[in-house]
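Undergrad:
2 protein chains.
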Amino acid sequence: MARLPVYLRILVEQGDENIDSISSERLAELAGVNAAKVRKDLSYLGSYGTRGVGYEVAFLVYQIRRELGLTHDWPVVIVGAGNLGQALAGHGGFGERGFPVAGVVDIEQAKVGSVIGGVRVRHIDDLPQIVQSRRVSIGVVATPSAAAQDAADRLVRAGCTSILNFAPVVLAVPHGVSVRKVDLAVELQILSYYEQRRVPVGLHAVGSNDSSRGASA
Amino acid sequence: MARLPVYLRILVEQGDENIDSISSERLAELAGVNAAKVRKDLSYLGSYGTRGVGYEVAFLVYQIRRELGLTHDWPVVIVGAGNLGQALAGHGGFGERGFPVAGVVDIEQAKVGSVIGGVRVRHIDDLPQIVQSRRVSIGVVATPSAAAQDAADRLVRAGCTSILNFAPVVLAVPHGVSVRKVDLAVELQILSYYEQRRVPVGLHAVGSNDSSRGASA
DNA sequence: CGCGCTTTGTGAACGTGTGCACAATTGCCT
DNA sequence: AGGCAATTGTGCACACGTTCACAAAGCGCG
Numbered sequence: 266m267a268r269l270p271v272y273l274r275i276l277v278e279q280g281d282e283n284i285d286s287i288s289s290e291r292l293a294e295l296a297g298v299n300a301a302k303v304r305k306d307l308s309y310l311g312s313y314g315t316r317g318v319g320y321e322v323a324f325l326v327y328q329i330r331r332e333l334g335l336t337h338d339w340p341v342v343i344v345g346a347g348n349l350g351q352a353l354a355g356h357g358g359f360g361e362r363g364f365p366v367a368g369v370v371d372i373e374q375a376k377v378g379s380v381i382g383g384v385r386v387r388h389i390d391d392l393p394q395i396v397q398s399r400r401v402s403i404g405v406v407a408t409p410s411a412a413a414q415d416a417a418d419r420l421v422r423a424g425c426t427s428i429l430n431f432a433p434v435v436l437a438v439p440h441g442v443s444v445r446k447v448d449l450a451v452e453l454q455i456l457s458y459y460e461q462r463r464v465p466v467g468l469h470a471v472g473s474n475d476s477s478r479g480a481s482a
Numbered sequence: 266m267a268r269l270p271v272y273l274r275i276l277v278e279q280g281d282e283n284i285d286s287i288s289s290e291r292l293a294e295l296a297g298v299n300a301a302k303v304r305k306d307l308s309y310l311g312s313y314g315t316r317g318v319g320y321e322v323a324f325l326v327y328q329i330r331r332e333l334g335l336t337h338d339w340p341v342v343i344v345g346a347g348n349l350g351q352a353l354a355g356h357g358g359f360g361e362r363g364f365p366v367a368g369v370v371d372i373e374q375a376k377v378g379s380v381i382g383g384v385r386v387r388h389i390d391d392l393p394q395i396v397q398s399r400r401v402s403i404g405v406v407a408t409p410s411a412a413a414q415d416a417a418d419r420l421v422r423a424g425c426t427s428i429l430n431f432a433p434v435v436l437a438v439p440h441g442v443s444v445r446k447v448d449l450a451v452e453l454q455i456l457s458y459y460e461q462r463r464v465p466v467g468l469h470a471v472g473s474n475d476s477s478r479g480a481s482a
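The listed protein sequences derive, respectively, from chains A and B.
Taking this note's numbering, the leading residue of the first sequence gets 266, the next gets one more, and so forth.
Taking this note's numbering, the leading residue of the second sequence gets 266, the next gets one more, and so forth.
1. Quick one: what does DSSP say A:Gly317 is sitting in, helix, strand or coil?
2. Report yes or no: is there a C-beta of chain B within less than 8 Å of the C-beta of A:Arg316?
3. To be precise: take each residue of the stretch 368-402 of chain B, compare its Cβ to all Cβ atoms of chain A, and keep it if any distance is under 8 Å. Which residues remain?
4. From what residue to what residue does the alpha helix (DSSP H) around B:Ser410 run?
5. Taking the alpha carbon of B:Arg291 as the point to measure from, which residue in B:Leu276, B:Val342 and B:Ala417 has its own alpha carbon closest?
6. Using DSSP with H/G/I as helix, E/B as strand and the rest coil, what is A:Asn435?
7. Going by other Cβ atoms of all chains shown within 10 Å of its Cβ, with 16 needed for buried, is B:Arg419 buried or exposed?
8. Could you tell me whether the Cβ atoms of A:Ile343 and B:Glu460 are closer together than 8 Å?
9. For B:His388, which beta-bridge partners are listed by DSSP?
10. Would you identify the three-state DSSP class for A:Lys302, choosing helix, strand or coil?
11. So that I know if they touch, is there some Cβ in chain A lying closer than 8 Å to that of B:Thr408?
12. List the residues of chain A whose Cβ lies closer than 8 Å to the Cβ of B:Asn299, in chain order.
13. Please report the straight-line C-alpha distance between B:Lys485 and A:Val451, rounded to a whole angstrom.
14. On the three-state DSSP scale, how would you describe B:Val271?
15. State the DSSP-derived secondary structure class of A:Ile381, mapped to helix, strand or coil.
16. For A:Ser427, which residues in chain B fall below 7 Å Cβ to Cβ?
17. Let me make sure I understand the geometry here. Which of B:Glu278, B:Ser379 and B:Gly368 has the alpha-carbon closest to that of B:Ile398?
18. Given this structure, state the Cα-to-Cα distance separating A:Leu353 from B:Gly350, to the nearest angstrom.
19. Assuming A:Val386 contacts A:Val377 under a Cβ cut-off of 8 Å, what Cβ separation, rounded to an integer in Å, is found between them?
20. For A:Gly345 versus A:Thr426, is the C-beta distance shorter than 8 Å?
21. Have a look at A:Ala267 and B:Gln454 and give me their C-alpha separation to the nearest angstrom.
22. Looking at the strands, I want to know which residues DSSP matches up with A:Arg404.
23. Under the rule that 16 or more other beta-carbon atoms within 10 Å means buried, what is B:Asn299, buried or exposed?
24. Would you verify that the beta carbon of A:Glu282 is, or is not, closer than 8 Å to some beta carbon of chain B?
25. Does DSSP put A:Ser476 in a helix, in a strand, or in coil?
26. What's the gap between the Cα of B:Ala417 and the Cα of B:Arg316?
27. For A:Gln414 and A:Val421, what's the separation of their Cα atoms in angstroms?
28. By how many angstroms is the C-alpha of A:Glu321 removed from the C-alpha of A:Ser312?
29. Can you list, in chain order, the residues of its chain whose CB lies under 6 Å from that of A:Val447, leaving out five sequence neighbours each side?
30. Would you say A:Gly358 lies against chain B (beta-carbon separation less than 8 Å)?
31. Straight-line CA distance for A:Val405 to A:Val271?
32. Given a limit of 8 Å on CB to CB distance, which residues of the stretch 339-358 of chain B reach chain A?
33. Could you have a look at B:Val485 and say whether DSSP puts it in helix, strand or coil?
34. Can A:Gly363 and A:Asp338 be called in contact, C-beta distance under 8 Å?
35. Taking the alpha helix (DSSP H) that A:Arg330 falls in, what are its first and last residues?
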């Protein structure tokens with residue numbers, strides 16, 4: 266389920282505030298979803314709640330981490346040291362959440378050697394060496410559209426089996442390789458869609474990807 | 266439908282290559298989806314295909330643009346001039362696709378005045394003025410998590426009715442405001458999930474958000 | 001001019017995810 | 001010890017999106 270990461274983040278936050286027990290209703294409120302959905306999602310992991318009380322935060326965090334495979338770090342390699350690649354590498358949020366940046370590569374020699382986010386940019390030809398020595402299985406494509414497929418091919422050849430793609434193209438990958446796409450223009454266009462038909466009456470929240478909802482501000 | 270933007274991009278690309286007619290099957294292949302799904306999606310816009318021939322690319326582009334509300338530009342304002350905000354503003358892909366950056370604001374005076382992507386960073390107190398003078402209805406939250414809710418509140422107060430949120434928090438917004446969230450860590454965690462259970466056999470593509478699929482590389 | 005090939009549009013079956021409602025279970029208070 | 005309030009776990013109905021399969025419709029060729 267795609268909601269587990271959201272629950273996880275909320276539970277970790279609650280844990281940081283020394284809250285050691287939480288009800289499905291409270292968790293649902295914080296995650297912006299239905300309480301029944303939370304319970305169903307969690308029951309999928311097993312019966313880890315206590316009736317009349319709720320869920321033990323620490324234990325639930327552990328279970329979700331285990332389910333998501335977050336019991337150990339997953340080093341990632343970023344292909345493309347342009348605007349986006351630099352922002353991702355320098356962001357810091359990756360490493361904190363269990364996805365340390367094992368390397369940043371670019372095809373342009375001009376970019377090789379510069380240091381961003383504490384990582385030196387290397388040439389894309391070094392990709393196989395980085396992937397193998399650091400046991401990387403997740404690659405991030407942060408190149409221009411035209412170079413994205415080549416970047417993906419190189420990642421796959423180097424041994425990556427999961428790709429996070431920021432380029433607005435549909436990547437072709439071999440069977441067995443997972444791909445997720447983040448397309449900023451698509452997100453904006455979806456907002457535009459709702460924005461355009463805002464004439465009738467101010468209506469509701471927006472479906473699919475989201476989570477948000479709730480009143481006031 | 267969230268797939269319309271993908272179709273649109275592909276159709277524009279095809280149009281650039283002087284292809285003026287396309288079948289649902291070809292479009293489905295390029296978009297990485299089922300052909301029947303393409304036809305059903307397009308039939309939702311009306312019957313704009315010609316049986317035995319296919320769809321006229323230019324006309325379809327026009328229709329999808331109209332449906333998505335992309336007949337005119339939607340200026341956006343970016344809140345947060347950190348790593349991510351700078352990358353987004355400097356990216357250029359926004360303006361090209363009909364979402365020109367009307368402004369970048371930050372709460373830190375130290376960042377005010379610098380120029381990124383041809384836009385000068387202004388103080389967040391100028392937000393209402395920017396939003397109103399430029400008729401902005403879409404705001405982008407590119408702040409740290411702790412500041413995200415405040416940024417969203419300010420955007421709403423200034424008059425924005427759609428928000429694209431990059432901070433890993435669930436934003437509370439008034440009824441009638443659309444929110445979409447892009448959480449990089451969530452995407453990586455979903456990949457981690459599939460990566461973890463890759464033991465049995467290398468299996469398939471990944472659901473929901475995606476689009477990818479297809480063979481070889 | 002008609003026949004066959006191609007491709008759309010859509011009815012219908014199917015699977016999946018969602019939400020309700022309630023029984024089962026636990027803790028607490030008296 | 002017993003009853004009450006709270007909360008989980010889940011069966012069930014429903015709505016939605018997906019896919020198949022086929023009839024309707026257009027094009028080109030003989």
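Heads up, the beta-carbon is just placed ideally off N, CA and C, and yes, glycines get one too.
This one's a predicted model, so the numbers in the text were calculated from it and none came from an experiment.
TA: Considering the structure as presented:
1. Residue numbering aside, residue 317 of chain A sits at position 52 when the first sequence is read from its first letter. The answer is coil: DSSP assigns A:Gly317 none of H, G, I, E or B.
2. Here residue 316 of chain A corresponds to residue number 51 of the first sequence, with the count starting at 1. Chain B places no beta carbon closer than 8 Å to that of A:Arg316, leaving this residue out of the contacts.
3. Within the stretch 368-402 of chain B, the residues whose Cβ lies closer than 8 Å to some Cβ of chain A are Ser402, listed in chain order.
4. Along the second sequence, one-based indexing puts residue 410 of chain B at 145. Where B:Ser410 is concerned, the enclosing alpha helix (DSSP H) stretches over Ser410 to Ala423.
5. The residue labelled residue 291 of chain B in the question sits at position 26 within the second sequence. Minimum Cα-Cα distance from B:Arg291 among the listed residues B:Leu276, B:Val342 and B:Ala417 corresponds to B:Leu276.
6. For the purposes of this step, residue 435 of chain A is taken as the residue at position 170 of the first sequence. In the sequence under discussion, the amino acid at residue 435 of chain A is Val, which differs from the Asn named in the question. The DSSP-derived three-state label of A:Val435 is coil.
7. Residue 419 of chain B sits at position 154 when you count from the first residue of the second sequence. The Cβ neighbour count for B:Arg419, taken over all protein chains shown within 10 Å, is at least 16; the residue is labelled buried.
8. Residue 343 of chain A sits at position 78 when you count from the first residue of the first sequence. Residue 460 of chain B sits at position 195 when you count from the first residue of the second sequence. It is not a contact, given that the beta carbons lie outside the stated cut-off.
9. In the second sequence, counting from the first residue as 1, residue 388 of chain B sits at position 123. Answer is B:Asp371.
10. For the purposes of this step, residue 302 of chain A is identified with residue 37 of the first sequence, where counting begins at 1. Helix.
11. In the second sequence, counting from the first residue as 1, residue 408 of chain B sits at position 143. Look at B:Thr408: its C-beta is not under 8 Å from any C-beta on chain A.
12. For the purposes of this step, residue 299 of chain B is identified with residue 34 of the second sequence, where counting begins at 1. What B:Asn299 touches in chain A: nothing, since even the nearest Cβ is about 14 Å away.
13. Examination of residue 485 of chain B is not possible in this model, given that chain B is present from 266 through 482 alone.
14. Position 6 of the second sequence, counting from 1, holds the residue named residue 271 of chain B. Of the three classes helix, strand and coil, the one that applies to B:Val271 here is helix, per DSSP.
15. Stepping through the first sequence from its first residue, residue 381 of chain A is reached at position 116. In this structure, A:Ile381 counts as strand in the three-state DSSP scheme.
16. Your numbering for residue 427 of chain A matches position 162 in the first sequence. Leu456, Tyr459 and Glu460, listed in chain order.
17. Here residue 398 of chain B corresponds to residue number 133 of the second sequence, with the count starting at 1. Looking at the sequence itself, residue 398 of chain B is Ser, so the reference to Ile does not match. Closest by C-alpha distance to B:Ser398, out of B:Glu278, B:Ser379 and B:Gly368, is B:Gly368.
18. Residue numbering aside, residue 353 of chain A sits at position 88 when the first sequence is read from its first letter. Residue numbering aside, residue 350 of chain B sits at position 85 when the second sequence is read from its first letter. Cα-Cα distance, rounded: 11 Å.
19. Within the first sequence, numbered from 1, the residue matching residue 386 of chain A stands at position 121. Within the first sequence, numbered from 1, the residue matching residue 377 of chain A stands at position 112. Contact holds; Cβ gap of about 5 Å.
20. Counting from 1 along the first sequence, the entry for residue 345 of chain A is found at position 80. Counting from 1 along the first sequence, the entry for residue 426 of chain A is found at position 161. No. Outside cutoff.
21. On the first sequence, residue 267 of chain A is found 2 positions in, with the first residue counted as 1. On the second sequence, residue 454 of chain B is found 189 positions in, with the first residue counted as 1. So the two alpha carbons sit approximately 9 Å from each other.
22. Along the first sequence, read from residue 1 onward, the residue named residue 404 of chain A stands at position 139. As written in the sequence, residue 404 of chain A is Gly, which differs from the Arg given in the question. Among the bridge pairs identified by DSSP, A:Gly404 is matched with A:Val342 and A:Ile428.
23. As a first step, residue 299 of chain B must be located in the second sequence, where it is residue number 34. By the neighbour-count rule (16 or more Cβ atoms within 10 Å), B:Asn299 is not buried but exposed.
24. Locating residue 282 of chain A in the first sequence gives position 17, counting from the first residue. At a cut-off of 8 Å between C-beta atoms, A:Glu282 does not count as an interface residue with respect to chain B.
25. As a working note, residue 476 of chain A is residue 211 in the first sequence. With a pLDDT of 36 at A:Ser476, under the threshold of 50, the modelled position of this residue cannot be trusted; read the value that follows with caution. When secondary structure is reduced to three states using DSSP, A:Ser476 falls in the coil class, being assigned neither helix nor strand.
26. The sequence position of residue 417 of chain B within the second sequence is 152, counting from 1. The sequence position of residue 316 of chain B within the second sequence is 51, counting from 1. Cα to Cα, B:Ala417 sits roughly 48 Å from B:Arg316.
27. Taking the first sequence and counting its residues from 1, the one referred to as residue 414 of chain A is at position 149. Taking the first sequence and counting its residues from 1, the one referred to as residue 421 of chain A is at position 156. One C-alpha to the other measures close to 11 Å.
28. Numbered from its first residue, the first sequence carries residue 312 of chain A at position 47. Numbered from its first residue, the first sequence carries residue 321 of chain A at position 56. Counting only the Cα atoms, A:Glu321 lies some 12 Å from A:Ser312.
29. Here residue 447 of chain A corresponds to residue number 182 of the first sequence, with the count starting at 1. These residues qualify, in order along the chain: Phe431.
30. Here the question's residue 358 of chain A lines up with position 93 in the first sequence. For A:Gly358, the answer is yes, since a Cβ of chain B falls inside 8 Å of its Cβ.
31. Taking the first sequence and counting its residues from 1, one reaches residue 405 of chain A at position 140. Taking the first sequence and counting its residues from 1, one reaches residue 271 of chain A at position 6. Put simply, the backbone Cα of A:Val405 is about 21 Å away from that of A:Val271.
32. Within the stretch 339-358 of chain B, the qualifying residues are Trp339, Val341, Asn348, Leu349, Gln351, Ala352, Leu353, Gly355, His356 and Gly358.
33. With chain B represented from 266 up to 482, any question about residue 485 of chain B goes unanswered, as that position is not in the structure.
34. Within the first sequence, numbered from 1, the residue matching residue 363 of chain A stands at position 98. Within the first sequence, numbered from 1, the residue matching residue 338 of chain A stands at position 73. With contacts defined as CB atoms closer than 8 Å, A:Gly363 and A:Asp338 qualify as a contacting pair.
35. The residue you call residue 330 of chain A lines up with position 65 of the first sequence. Val322 to Leu333 is the span of the alpha helix (DSSP H), which, as asked, contains A:Arg330.
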